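The number in this note's numbering is simply the position in the sequence shown, starting from 1, with 51 added.
The beta-carbon is built from N, C-alpha and C at its ideal position, and this holds for glycine as well.
As the structure is a prediction and not an experimental result, all values here were calculated from the model.
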Amino acid sequence: MEKITSTQNPVIRSLKALKDAKERAKTGLFLVEGEVMIKEALKCGLMPREALFENESTLMDALKKAGANVHLCSRNALEAATDTKTPQGSVCAFTMPKKTSLPETAMKIVALDAVQDPETWVPSGERRTRRASTR
52 MEKITSTQNP VIRSLKALKD AKERAKTGLF LVEGEVMIKE ALKCGLMPRE
102 ALFENESTLM DALKKAGANV HLCSRNALEA ATDTKTPQGS VCAFTMPKKT
152 SLPETAMKIV ALDAVQDPET WVPSGERRTR RASTR
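Pasting the structure below:
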């Protein structure tokens, strides 16, 4: 496998372009950085397209099997493609999942936590005092 060293390489440039929201919307791709997050994305069933690794990794085979183009690259090339100041050594472009809407028959659920009567609400740290009843 040939190592990408140029920051002007088409693969690096295409991944670098995904830093822009308009480009992500246009291509339907987004970046995931770091082996742990890439593994999680694979577990969730996301489809990998292009992956860059600074060093050989066992994850490279899993990405290839899932259909990704996998490349080794230099630190400079990886830094150019990623959005972080200190990249984690790997980055992968995944296809954005399709938006799904709930069917009309789906139950609507509201979850509430620590709901209080606004009349008895007291900012934290203050003591509650009992009000005299006006009834």
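Taking a 10 Å sphere around the C-beta of V121, we find 16 or more other C-beta atoms and assign the residue as buried. Residues of the same chain with a CB within less than 7 Å of the CB of G79, apart from the 5 flanking positions on each side, are T146 and M147 in chain order. K116 sits in a helix when the DSSP states are folded into three classes. With 16 or more other Cβ atoms from the protein chains shown falling within 10 Å of its own Cβ, R100 counts as buried. Buried is the label assigned to L66, since at least 16 other Cβ atoms lie within 10 Å of its Cβ.
Per the DSSP secondary-structure output, I160 pairs with nothing in a beta bridge. Taking E107 as the centre and dropping the five residues before and after it, the same chain places the C-beta of L123 closer than 8 Å to its C-beta, in chain order.
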